[in-house]
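Counting from 0, one number per residue, gives the positions in the sequence shown under numbering that gives the first Met the number 0.
We treat Cβ as the ideally placed atom computed from N, Cα and C, and that holds for glycine.
Just so it is clear, the structure is predicted and the values come from calculations on it, not from any experiment.
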Amino acid sequence: MSFLPHQENPRTDGHMVVCGDDGLAHRLAAELREVYRRQVVLVVPVTEPQDHGAEPTAAIPAGQFSAGTGPPPREVPSPAPTREALRRARVESAAALALLYEDDETNLRAALAARRLNPGLRLVVRMYNRKLGDRLEELLDQAVLVTEPGVDRTVLDASTTVLSDADTAAPALVATAIADTRKVVQAGGLLLRAAERPAPGRGEVPDPGLCTLALLSSTTTDPAGAEGSDTSGAGGPDLLPDDRVVLASQGRGTIVLEAVRRAGPALPPRRLARRGAPLGEVFSARLRWALAGVVAAVLVLTGTTIALTDAGPVQAAYLTLLDLFSINDPALEEPTTRQVLQLLSGLAGLALLPLLVAGALEALGTFRAVGALRRPPRILSGHIVLLGLGKIGARVLARLREYDIPVVCVEQDPDARGIPLARDLGVPVILGDVTEDGVLDAARVHRADALLALTSSDTTNLEAVLAARTLHSGLRTVLRLYDDDFATAVYRTLRSAHPDAVTRSRSVSHLAAPAFAGAMMGRQILGAIPVERKVLLFAALLVAGHPQLEGRTVAESFRADSWRVLALDTADASARRPDLASTPLDGERSELLWNLHPGYVLQPRDRVVIAATRRGLAELLATGPQPASEPAAG
């Protein structure tokens, strides 16, 4: 992800353009319209393909948005984000453009065309290939300089933000599946860890950690339907509560900011994989014992030759090996002792030949198996069963293995994106349809701790969870469900049928849309964590131009249910890293100061890290620095 100072195109009229071929585009358009009050132009294909790992689009039709938030987005139907389609969406005068197609190459081509049409356009690009995304900004600026050599370089100081919905959602999905309920926000090298803590008992004082980020629902610990969402009312989760509310809360769990640290770059998958099959896996125990017997026989024959003849140790060993491989002359003129030893060595050689052949066959079979998919061990237990190895499943698998959590994957498509990763990591994979009999049994789901159903089909995920619950009634399950009405029915049914089991539903687009929307508004979104069915955002912004922050103390700047200042970037303004979330260089220390004194006065030059609700961040952006030609939101 990259973030640079942005200068608006003087011709901009402030509208946002969203291009995509799946549900994330519609979700983002709704977020921009309902939360940030922006005019949106939506470029959608005439027919929307259902690729592997893509969220269904039928659940949210283009025109299905909340009432009372202005006119719905204007749609521009186009099978691809061509230059003509971008012109019809008025990209030349747009403030920002989001490219959300499933194909990285499609997004890259559209980004090049859009930047040539509007060099000052703020771009938010969805990229699965993170290496390509890291180089995208330089590539876009260079393309403009080549096609328009006379362009003003100051206009090119537009932000290009590369995000991945898979990377945004994977930590939340993993945190939901593991039992310790830790939630991790990780963007490059910045890692924020929050912990979900149960309600304290009578007389107990809860540990607030660095700060309390949220109070959980007071009605239930397993939210369903409207519970735990924005429409759950006073009984729902309370984001960024003040100290008075936290102290007055009784019987409510909390989410606290527990630790903040810098994390080094993630190891490449092959560093985590087996570096090669150990000797014990190449050759069977029976073969190794047989080979040891032949070696012992050779040593005994060598010692006997030394004792009964005049040969020295080296000569005796040499003669024994020659006889063993039947390449020595017959001992016709030699003493009887020598002849007997030659015959015994020949017999040992006859035993060695089949052992060599068996060893070669076993080694060949073992090394061929190293490149194949592993099967789950029969004694495996306490693992997580992961259904679906598409784009989202692959990212979740990598996260689970980073935490050293045992995983068994189930995937129907042998060419799915996550299959090579699973092979590299040595993770067992069951190839088959999860709805068929015996597939979940093969994944040892009856001895698993959790089930993550992340296929692109709601009905497949539901069918898999229902089948798994018949095998393991107390299994923790996490479903990737997209349609909200369908999720409500699923929650209520499963909670009634299995009241003691934990069931969670997560929508990838619901988790990713706030981060994409914040990036389109020109702020660096570090990440997001789910709080039941709400989302809490972490962002970095300059204090200058924000009257809610500038000249106020940290305590005075806090707005309950809206935002909280968490950290201060202490680096000099001229030496600041453009991207707080990037991995630090070797030997570089963190410049972020956490646990700020409540009396510290925020200066215009300061850059801070904040936790904010969606509407709180929208309010900050609406009152922040705005170009003269762009109307303020809200």
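Through-space distance from T492 to A223, alpha-carbon basis:
Within the sequence shown, the letter at position 224 stands for residue 223. Within the sequence shown, the letter at position 493 stands for residue 492. For A223, the predicted model reports a pLDDT of 41, less than 50, meaning its position is unreliable and no value from the coordinates is stated.
Note down the Cα distance separating D403 from L349, rounded to an integer number of angstroms.
Walking along the sequence shown from the start, residue 403 turns up at place 404. Walking along the sequence shown from the start, residue 349 turns up at place 350. Computed Cα separation, rounded: 48 Å.
Closest by C-alpha distance to A511, when choosing among A570, R87 and L162
Position 512 of the sequence shown, counted from the start, is the residue given in the question as residue 511. Among A570, R87 and L162, the Cα nearest to that of A511 is on L162.
Is it buried or exposed for F324, if we count other Cβ within 10 angstroms and need 16 for buried?
Counting from one through the sequence shown, the residue named residue 324 turns up at place 325. With fewer than 16 other Cβ atoms within 10 Å, it is exposed.
According to DSSP, is V433 helix, strand or coil?
Against the sequence shown, residue 433 aligns to sequence position 434. Note: V433 maps to coil in three-state DSSP.
D560 versus K130, R115 and P240, residue with shortest Cα-Cα distance:
Here residue 560 corresponds to residue number 561 of the sequence shown, with the count starting at 1. When only C-alpha atoms are compared, the closest one is P240.
CA-CA distance, E618 and F537?
Here residue 618 is taken as the residue at index 619 of the sequence shown, counted from 1. Here residue 537 is taken as the residue at index 538 of the sequence shown, counted from 1. In a straight line, the C-alpha of E618 is about 15 Å away from that of F537.
For A284, does the count of other Cβ atoms within 10 angstroms reach 16, so buried, or fall short, so exposed?
Along the sequence shown, one-based indexing puts residue 284 at 285. Its Cβ having fewer than 16 others within 10 Å, A284 is exposed.
Continuous alpha helix (DSSP H) assignments of at least 4 residues falling wholly in the stretch 107-145:
129-133
Opposite V313 in the DSSP bridges: which residues?
In the sequence shown, residue 313 corresponds to position 314, counting from 1. DSSP output for V313 lists no bridge partner at all.
Since R475 and A176 should fall inside the 8 Å C-beta cutoff, what is the C-beta to C-beta distance between them, to a whole number of angstroms?
One-based indexing of the sequence shown puts residue 475 at position 476. One-based indexing of the sequence shown puts residue 176 at position 177. Sure, about 7 Å apart at Cβ, within 8 Å.
Quick one, which of N327, T336 and A330 has its alpha-carbon nearest I305's?
In the sequence shown, counting from the first residue as 1, residue 305 sits at position 306. Looking at the Cα atoms, T336 is the closest of the given residues.
From L620 to V607, what distance separates their C-alpha atoms?
In the sequence shown, counting from the first residue as 1, residue 620 sits at position 621. In the sequence shown, counting from the first residue as 1, residue 607 sits at position 608. Each residue's alpha carbon lies about 14 Å from the other.
By the DSSP assignment, the beta strand (DSSP E) with R475 in it spans what residues?
Within the sequence shown, the letter at position 476 stands for residue 475. Its beta strand (DSSP E) spans residues R475 to L478.
Residues of its chain near V407, where Cβ-Cβ distance is below 6 Å and the 5 sequence neighbours each way are ignored:
Here residue 407 corresponds to residue number 408 of the sequence shown, with the count starting at 1. Only P375, H382, V384, P427 and A442 meet the Cβ criterion.
Spatial neighbours of L639 within its chain, please: C-beta separation below 6 Å, excluding the five flanking residues on both sides.
Given that the chain is displayed from residue 0 to residue 633, the structure contains no residue 639 and the question cannot be resolved.
From V438, A516 and E555, residue whose alpha carbon lies closest to that of V409:
As a first step, residue 409 is located in the sequence shown; it is residue number 410 there, counting from the start. Cα-wise, what sits closest to V409 is V438.
Quick check on K390: buried or exposed, where buried means 16 or more other Cβ atoms within 10 Å of its Cβ?
The sequence position of residue 390 within the sequence shown is 391, counting from 1. The residue is buried, with at least 16 neighbouring Cβ atoms inside 10 Å.
Taking 8 Å as the limit between beta carbons, can you name the residues of its chain near R400, skipping five residues before and five after?
Stepping through the sequence shown from its first residue, residue 400 is reached at position 401. These residues qualify, in order along the chain: L271, V406, L424 and V426.
Taking only the alpha-carbon atoms, compute the straight-line gap between T469 and I429 and give it to the nearest angstrom.
Taking the sequence shown and counting its residues from 1, one reaches residue 469 at position 470. Taking the sequence shown and counting its residues from 1, one reaches residue 429 at position 430. The alpha-carbon atoms of T469 and I429 are separated by roughly 20 Å.
Find the nearest neighbour of Y481 within the set R563, A109 and L461, judged by alpha-carbon distance.
What you label residue 481 is simply residue 482 of the sequence shown in a count that begins at 1. Considering only alpha carbons, the answer is L461.
Euclidean distance between Cα positions of R613 and A539
Position 614 of the sequence shown, counted from the start, is the residue given in the question as residue 613. Position 540 of the sequence shown, counted from the start, is the residue given in the question as residue 539. Roughly 14 Å between the two C-alpha positions.
Could you check where the beta strand (DSSP E) with A611 kicks off and where it finishes?
Position 612 of the sequence shown, counting from 1, holds the residue named residue 611. Per DSSP, A611 belongs to the beta strand (DSSP E) from R606 to A611.
Counting only the same chain and skipping the five closest in sequence on each side, list residues whose C-beta sits under 6 Å from that of W562.
If you number the sequence shown from 1, residue 562 lands on position 563. Result list for W562: I609, A611 and G615, in chain order.
Measuring only the C-alpha atoms, how far is P419 from W593?
To locate residue 419, count along the sequence shown from 1; it is residue 420. To locate residue 593, count along the sequence shown from 1; it is residue 594. Whole-angstrom Cα-Cα distance: 40 Å.
Does the beta-carbon of Q411 have 16 or more other beta-carbons within 10 angstroms, so that it is buried, or is it exposed?
Working through the sequence shown from its first residue, we reach residue 411 at position 412. Under this definition Q411 is a buried residue.
Where E195 falls: helix, strand or coil (DSSP):
Here the question's residue 195 lines up with position 196 in the sequence shown. Note: E195 maps to strand in three-state DSSP.
Suppose you measure from the CA of A95 to the CA of H14; what does that come to, to the nearest Å?
For the purposes of this step, residue 95 is identified with residue 96 of the sequence shown, where counting begins at 1. For the purposes of this step, residue 14 is identified with residue 15 of the sequence shown, where counting begins at 1. Cα-Cα distance, rounded: 7 Å.
Please report the residue range of the alpha helix (DSSP H) in which P240 lies.
Looking up residue 240 in the sequence shown gives position 241. P240 -> no alpha helix (DSSP H), and no H or E assigned at all.
How is the beta strand (DSSP E) around P76 delimited, first residue to last?
What you label residue 76 is simply residue 77 of the sequence shown in a count that begins at 1. Residues R73 to P76.
Would you mind giving the Cβ-Cβ distance between L172 and V553, rounded to the nearest angstrom? I have them listed as a contact below 8 Å.
Along the sequence shown, one-based indexing puts residue 172 at 173. Along the sequence shown, one-based indexing puts residue 553 at 554. Wrong, their Cβ atoms sit about 33 Å apart, outside the cutoff.
According to the neighbour-count rule (16 or more other Cβ atoms, all chains shown, within 10 Å of its Cβ), is I524 buried or exposed?
Mapped onto the sequence shown, residue 524 falls at position 525. Its Cβ being crowded by 16 or more others within 10 Å, I524 is buried.
Quick check on the DSSP output: the alpha helix (DSSP H) that includes V444 runs from which residue to which?
As a first step, residue 444 is located in the sequence shown; it is residue number 445 there, counting from the start. No alpha helix (DSSP H) holds V444; DSSP gives it neither H nor E.
Extent of the continuous beta strand (DSSP E) run through V564
Within the sequence shown, numbered from 1, the residue matching residue 564 stands at position 565. Looking at the DSSP string, the run of the beta strand (DSSP E) that includes V564 is W562 to D568.
Using a Cβ-Cβ cut-off of 7 Å (strictly less than) and excluding sequence neighbours within five positions of R196, which residues of its own chain qualify?
Locating residue 196 in the sequence shown gives position 197, where the first residue counts as 1. Cβ neighbours of R196 beyond the five flanking positions: P205, G252, T253 and V255.
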